[in-house]
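Peer 1: Got a structure for you, written out below as structure tokens; questions coming shortly.
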Amino acid sequence: MAEASGQFGVNGPENKRDWPALSDAEARRVLSHFPLPSSARQVVWHGRRPFSSTGVVSLENGSRVFVKRHDHCLRDAAALAEEHRFITHLAEQGVPVGQTWRTKTGQAALDLDGSAYEVFSIMSGHDLYETVQSWEPFHNVKHAFSGGLHLGRLHDAARSFHAPARPSRRPLLSTFEVITSPDLMARLERWIPQQAGLARALTYHPWREDIPAALLPFHERLKPHLGTIQPRWGHGDWHPSNLFWSGTGADAQVCGILDFGMSDRTCAAYDLAVAIERTAIAWLEPRNDCPVTHDRLEAFLSGYLSQYALSVEERRLVPLFLPLVHVEYALSEVAYYETLVHDKAGVKAAYTNYLLGHAYWFASPAGQQLLQWLTQALQALPCP
1 MAEASGQFGV
11 NGPENKRDWP
21 ALSDAEARRV
31 LSHFPLPSSA
41 RQVVWHGRRP
51 FSSTGVVSLE
61 NGSRVFVKRH
71 DHCLRDAAAL
81 AEEHRFITHL
91 AEQGVPVGQT
101 WRTKTGQAAL
111 DLDGSAYEVF
121 SIMSGHDLYE
131 TVQSWEPFHN
141 VKHAFSGGLH
151 LGRLHDAARS
161 FHAPARPSRR
171 PLLSTFEVIT
181 SPDLMARLER
191 WIPQQAGLAR
201 ALTYHPWRED
211 IPAALLPFHE
221 RLKPHLGTIQ
231 PRWGHGDWHP
241 SNLFWSGTGA
251 DAQVCGILDF
261 GMSDRTCAAY
271 DLAVAIERTA
281 IAWLEPRNDC
291 PVTHDRLEAF
301 LSGYLSQYAL
311 SVEERRLVPL
321 FLPLVHVEYA
331 LSEVAYYETL
341 VHDKAGVKAA
351 YTNYLLGHAY
361 WFASPAGQQL
371 LQWLTQALQA
381 LPCP
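Be aware that the sequence shown starts at 1, since it is given in the UniProt record's numbering, and climbs by one per residue.
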């Protein structure tokens, strides 16, 4: 069995793991439920991303598969089936997503002993950003252009996918149920009790005062445009470490798309804004000035618009969404860190630095400059 290292935490690499690493015996037991060409042998690699446990498992015939375990408090097989239906549709449209394995009984995932397991074929290419903290910018403009191009292809393929939105009780999704309500605070009052553990977690924070101060000015700007939203499924967590690459150099191109765990029915403008939030702003810079990688952002937008023709209304929505796209996910993280893994540093990162801190940064001169630049760039850049 490969040695299991720690995980990427809110402040960088950590030695601890919130969820136990996959064991060899566990992998063999799980994979016996899938119609693989050979029986499982051992775990040869462990992932370090949080919220689940992942590993590459070797088979007796020398091939390998990717296994992912979720605790039932986050995902069960029914929840994973929602994601797999979207993945299957994208694959049918020629989008380079991972090949999912179904169980011997035809299920998208396996529920076993309080966990849900999903299995993927090994994707060709290179995990070029494996050692990079999530939400770091692209390394260079060529990577950024390719990342934007493939998100545009995904959004174009998603036009013909018509599944409903996922149940609002699902944690850790990239959703916009709250921010697209005409009354943000009233919707939050109804939404928060539906999220497991969130109401209790928020008793430690003056959220009824904090959220209006940080978010309502941005919501007031978005509100007049809510009627122009065209609902569509999106990836929900687009950043370079959720992509596989054709090589390891500066010219590498995206050749695979991973991790649809946060996907949901939102809209193209929202999902593009999520990608910008997670790839263009260096939130983790130690000086905390959050520099913007304008050259890579412009390349990303150029790649995206080469594949997906954003309408005038969608171009207007992207910068309006950008200061708000994190709201529901950040609140879900507050509940996760407070009630599930009991990580006080995670709670602070989710509530103070993420939910409120990102909004206040967008209200700062640097954030306002980015929003103005983005508005002008989207108006100027051509579509195919």
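Note that beta-carbon positions come from the ideal geometry of N, C-alpha and C, so glycine has one too.
Determine the DSSP secondary structure at A25, reduced to helix, strand or coil.
Peer 2: Helix at A25.
Peer 1: For A252, which of D127, L374 and A79 has the nearest alpha-carbon?
Peer 2: Closest option to A252, Cα to Cα, is D127.
Peer 1: Have a look at E26, R48 and S53 and flag the residue whose alpha-carbon is nearest the alpha-carbon of R41.
Peer 2: Measuring from the Cα of R41, the nearest candidate turns out to be E26.
Peer 1: Taking the Cβ atom as the reference point for each residue, do P171 and A201 lie within a distance shorter than 8 Å?
Peer 2: For P171 and A201, no; Cβs fall outside 8 Å.
Peer 1: Closest to H294 by CA distance: which of R17, E285 and Q369 is it?
Peer 2: For H294, the nearest C-alpha among the options comes from Q369.
Peer 1: Which residues mark the beginning and the end of the beta strand (DSSP E) in which R265 is found?
Peer 2: From DSSP, the beta strand (DSSP E) with R265 extends over D264 to C267.
Peer 1: Which term fits G367, buried or exposed, when burial requires 16 or more other beta carbons within 10 angstroms of its beta carbon?
Peer 2: Counting Cβ neighbours within 10 Å, G367 comes out buried, since at least 16 surround it.
Peer 1: By Cβ distance, which residues of its chain are closer than 6 Å to S168, with the 5 residues on each side in sequence left out?
Peer 2: Taken in chain order, the residues that qualify are E177 and Q194.
Peer 1: In the DSSP assignment, find the beta strand (DSSP E) that holds P193 and state where it starts and stops.
Peer 2: Per DSSP, P193 belongs to no beta strand (DSSP E) and is neither H nor E.
Peer 1: Please state whether DSSP places F218 in a helix, a strand or coil.
Peer 2: F218: helix per DSSP, three-state reduction.
Peer 1: List in chain order: all unbroken beta strand (DSSP E) runs of 3+ residues lying wholly within the stretch 49-120.
Peer 2: The stretch 49-120 contains these whole beta strand (DSSP E) runs: 53-59, 64-71 and 110-112.
Peer 1: Rounded to the nearest angstrom, what separates V44 and L74 at their Cα positions?
Peer 2: Near 25 Å, if we compare the C-alpha coordinates of L74 and V44.
Peer 1: Taking E285 as the reference, give the member of A330, V334 and N353 with the closest Cα.
Peer 2: When only C-alpha atoms are compared, the closest one is N353.
Peer 1: Just verifying my parser: in three-state terms, what is the DSSP assignment at P224?
Peer 2: Looking at P224 - three-state DSSP - the assignment turns out to be helix.
Peer 1: May I ask you to report which of helix, strand or coil DSSP gives Q230?
Peer 2: The answer is coil: DSSP assigns Q230 none of H, G, I, E or B.
Peer 1: Straight-line CA distance for P323 to S181?
Peer 2: P323 and S181: Cα-Cα distance of roughly 15 Å.
Peer 1: Could you tell me whether the stretch 69-83 touches the stretch 257-276, using the rule of 3 or more Cβ pairs below 8 Å?
Peer 2: The answer is yes - the stretch 257-276 touches the stretch 69-83, with three or more Cβ pairs under 8 Å.
Peer 1: Pick out whichever of K223, C255 and E189 has its Cα sitting closest to the Cα of P124.
Peer 2: Position check: residue 124 holds Ser in this sequence, whereas Pro was assumed. Answer by Cα proximity: C255.
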